[in-house]
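The structure appears below as structure tokens.
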Amino acid sequence: KGHRRGVWCVAFSPIDQVVASASGDATIRLWNLKDFRAIRSFQGHSSAVLRVAFLANGMQLMSSSVDGLLKLWHIRTAECAGTFEEHSSKVWCVDIVGDRMVSGGADSKICPLSGMMGTQRGVGTWNKLYQSC
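Going by full-length UniProt numbering, the residue at position 123 of the sequence shown is 123; the numbering climbs one at a time, nothing skipped.
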């Protein structure tokens, strides 16, 4: 089944034949590119999910939402691996390159984070690059 509300964003996995979609129904779905069937659903945001971005290893993805949160997800289990409260309002966008992530919000802030990959279960810790973003 598909989303119950509009789709705000889609992103290709860097390693698998899957696409992630972010929706106004507060969920993220993972789709198989061979037949476009939904293979996994991620739930945890309380409001519309605006953006999704895969980490370079393809095993996690980051989402941003109207609820003001960024969430890191395990692809295989759909578990939330971390929640980041960097913004005081909607988080309009997020992008990831290598071990760096940056988000932008309705609070007029751009928040850069740096991460360390390769720890247990493939998730590192994310650190603020600046004291105040």
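Beta carbons are placed, not taken as given, at the ideal position from N, Cα and C, and that holds for glycine.
When the options are compared against residue i, the one with the closest alpha-carbon
| i | options | result |
| --- | --- | --- |
| W73 | Q43, D99, W92 and E86 | Q43 |
| L30 | A78, S46 and S114 | A78 |
| S41 | L50, F12 and I75 | I75 |
| A53 | H3, V19, S114 and I110 | V19 |
| A81 | K71, F36 and K90 | K71 |
Range covered by the beta strand (DSSP E) that runs through residue i
| i | result |
| --- | --- |
| S114 | I110 to G115 |
| Q43 | A38 to Q43 |
| S89 | Here S89 belongs to no beta strand (DSSP E), and DSSP marks it neither H nor E. |
| K71 | L70 to H74 |
Own chain partners of residue i with C-beta closer than 6 Å, once the 5 adjacent residues on each side are dropped
| i | result |
| --- | --- |
| V7 | S21 and S23 |
Within 8 Å, strictly: CB atoms of residue i and residue j
| i | j | result |
| --- | --- | --- |
| S103 | C93 | yes |
| S63 | I28 | yes |
Whole-angstrom C-beta distance between residue j and residue i, which should lie under 8 Å
| i | j | result |
| --- | --- | --- |
| T83 | L61 | In fact, because the Cβ distance is near 14 Å, the residues do not count as touching under 8 Å. |
7 Å CB neighbourhood of residue i in its chain, flanking five on each side removed
| i | result |
| --- | --- |
| Q131 | Note that Q131 has pLDDT 44, beneath the 50 cutoff, so the model's placement of it is unreliable and no number is given. |
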